[in-house]
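What follows is a single structure, written as structure tokens, with notes after it.
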Amino acid sequence: MHWAVIGTGAIGSLMAVNLRRIGEHVSIKPRHTNHSSISIIHNAHSYEFSTTTLPLTQPTQIFAAVKAYQVEALLQELSQAPLPEGSSLIISYNGMLDNESMIMPERALHWVTTHGAYRHENEVVHAGMGESWLGWAQVERASSSRPAEVFSALNNALPLLNWSPAINQRRWQKLAVNCLINAFTVIHNCRNGELLQHHLQHDQLVVAQEICWLAQHRGVQLIPEKLVEQAHQVVKNTANNFSSMLMDVRQRRQTEIDYLNGFVARQSAVAGRAAPANEKLWRQVQAISAF
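Our numbering puts the first residue of the sequence shown at 130, with every later residue one more than the last.
Written as structure tokens, this is what we have:
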């Protein structure tokens, strides 16, 4: 199979080197470079990748682990250069978009992961082992069978991978955990583990309750107390890490707050109910990250 990885972000780079490690043909579609090749170092090995552009001329599996604010532009670019028959799009990003159901391609797959990685210059570091889930993005395709070859390659490259006919449930769980951690690390300007010193359980529970109401409105059942427990476990497991949102703020990059707590606040309002705790976190991070 041919694979095209979008960009050179940490998770995409990690997947690229691991797909190459198991013998898959992998190229990279860079965002902002005209280089004919890209080098990525992983575990003291250097991997060289050719670059590719759209439109694609042969069946290709596209792996895109991107920022939420990059999703719409990527999908628009792909819609203008239809993929060859036999291609697929595997997409992964934090949070949710207001118009997902309208813009997501029919054969797109969501990939949700708890693996952690970061880039240091041209090296990618696998910072935390985890597991992943794969499922059809469009709800009406949820019961369709899994694409066996694609699933096998991804599972061999970066195990453990689970097939999920209810990928939306996983996405809501991940959105919730991100909403319960990331904004607070920005507000308190601290590592994940240091959140435990700020006694945020009550505040997090209120945020979780608002998320659960919206999820239930969308047909997804979540339990606030369990979400807070999950968030605390993630905080403990990644105690020495800085959240990606705090790193974005420190490096003066756009954050994904609009697609996390901001998404919850906006969509709750559309559904006829305020979400003041999420609204407050959204506005606080916007103010801190303004530049």
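For glycine and all other residues, C-beta sits at the position ideal for the given N, C-alpha and C.
Bear in mind the structure is a predicted one, so any value in this text is a computation, not a measurement.
* Asked: Are the Cβ atoms of Tyr222 and Ala139 separated by less than 9 Å?
  -> Taking the sequence shown and counting its residues from 1, the one referred to as residue 222 is at position 93. Taking the sequence shown and counting its residues from 1, the one referred to as residue 139 is at position 10. Taking a C-beta distance under 9 Å as the contact criterion, Tyr222 and Ala139 do not qualify as a contact pair.
* Thinking C-alpha only, which one of Leu207, Trp301, Cys341, Asn228 is nearest Leu218? -> Mapped onto the sequence shown, residue 218 falls at position 89. For the residues Leu207, Trp301, Cys341, Asn228, the minimum Cα distance to Leu218 belongs to Leu207.
* Is it right to say Arg299 is buried, meaning 16 or more other beta carbons lie within 10 angstroms of its own, or is it exposed? -> Within the sequence shown, residue 299 is the residue found at index 170, counting from 1. In the assembly as shown, Arg299 is a buried residue. Its beta-carbon has 16 or more other beta-carbons within 10 Å.
* Confirm, please, whether the CB-CB distance from Thr137 to Ile170 is below 9 Å. => Taking the sequence shown and counting its residues from 1, the one referred to as residue 170 is at position 41. Taking the sequence shown and counting its residues from 1, the one referred to as residue 137 is at position 8. No. Outside cutoff.
* Thinking Leu304 and Val336 are a contact (beta carbons under 8 Å), I'd like their distance in whole angstroms, please. => In the sequence shown, the residue the question calls residue 304 occupies position 175. In the sequence shown, the residue the question calls residue 336 occupies position 207. A Cβ-Cβ separation of about 11 Å leaves Leu304 out of contact with Val336 under the 8 Å criterion.
* Return the residue from the list Pro353, Ile220, Ala368, Ala400 that minimises the CA-CA distance to Ile232. => Taking the first residue of the sequence shown as 1, we reach residue 232 at position 103. For Ile232, the nearest C-alpha among the options comes from Ile220.
* Taking the runs of the beta strand (DSSP E) that are 3 residues or longer, which of them lie wholly in the segment 180-206? -> Qualifying beta strand (DSSP E) stretches, in chain order: 190-194.
* What first and last residue would you give for the beta strand (DSSP E) that runs through Thr314? -> On the sequence shown, position 185 is the one that residue 314 refers to. From DSSP, Thr314 is part of no beta strand (DSSP E) but of the alpha helix (DSSP H) over 296-317.
* Taking the runs of the beta strand (DSSP E) that are 3 residues or longer, which of them lie wholly in the segment 198-278? -> Qualifying beta strand (DSSP E) stretches, in chain order: 217-221, 237-242, 245-249, 252-257, 261-265.
* **Whole-angstrom distance between Ala394 and Pro405, CA atom to CA atom** => The residue given as residue 405 occupies position 276 in the sequence shown. The residue given as residue 394 occupies position 265 in the sequence shown. Distance from the CA of Pro405 to the CA of Ala394, rounded to the nearest whole angstrom, comes to 7 Å.
* **Counted within 10 angstroms of its Cβ, other Cβ atoms place Glu385 as buried (16 or more) or exposed** => Locating residue 385 in the sequence shown gives position 256, counting from the first residue. Answer is buried; the Cβ neighbour count reaches 16.
* Proximity test, Cβ basis, 9 Å: Pro211 and chain C -> The structure shown contains no chain C; it is built from a single protein chain.
* Which residue comes first and which comes last in the alpha helix (DSSP H) that contains Asn363? -> Counting from 1 along the sequence shown, the entry for residue 363 is found at position 234. This sequence places Val at residue 363; Asn is not what is there. Run containing Val363: 353-366, per the alpha helix (DSSP H) assignment.
* Which residues bound the alpha helix (DSSP H) around His164? -> Position 35 of the sequence shown, counting from 1, holds the residue named residue 164. Run containing His164: none; DSSP gives neither H nor E here.
* Asked: Under the three-state reduction of DSSP, which class applies to Leu421: helix, strand or coil?
  -> Only positions 130 to 420 of the chain appear in the structure, and residue 421 is not among them; the question remains open.
* Does the pairing of the segment 286-296 with the segment 138-158 give three or more beta-carbon distances under 8 Å? -> Remark: three or more beta-carbon pairs, one from each stretch, lie closer than 8 Å, so the segment 286-296 and the segment 138-158 are flagged as touching.
* Drop a sphere of 10 angstroms on the beta-carbon of Gln333, count the other beta-carbons inside from all chains shown, and report buried for 16 or more, exposed for fewer. => For the purposes of this step, residue 333 is taken as the residue at position 204 of the sequence shown. Taking every protein chain shown into account, the CB of Gln333 has 16 or more other CB atoms within 10 angstroms, so this residue is buried.
* Asked: From Ile377 to Gly224, what distance separates their C-alpha atoms?
  -> Along the sequence shown, read from residue 1 onward, the residue named residue 377 stands at position 248. Along the sequence shown, read from residue 1 onward, the residue named residue 224 stands at position 95. Residue identity check: residue 377 is Asp in the sequence provided, not Ile. For Asp377 and Gly224, the distance between alpha carbons rounds to 15 Å.
* Asked: Counting pairs of beta carbons, one from the segment 268-279 and one from the segment 356-363, are three or more of them closer than 8 Å?
  -> No: the two stretches stay apart, fewer than three of their Cβ pairs being nearer than 8 Å.
* **Helix, strand or coil at Ile417 [DSSP, three-state]** => As a first step, residue 417 must be located in the sequence shown, where it is residue number 288. Ile417 falls in the helix class under three-state DSSP.
* DSSP on Ile151, reduced to helix/strand/coil? -> Within the sequence shown, numbered from 1, the residue matching residue 151 stands at position 22. Coil, per DSSP.
* Span of the beta strand (DSSP E), counted from its first residue to its last, around Ile135 -> The count along the sequence shown starts at 1 and reaches residue 135 at position 6. Segment 131-135, the beta strand (DSSP E) holding Ile135.
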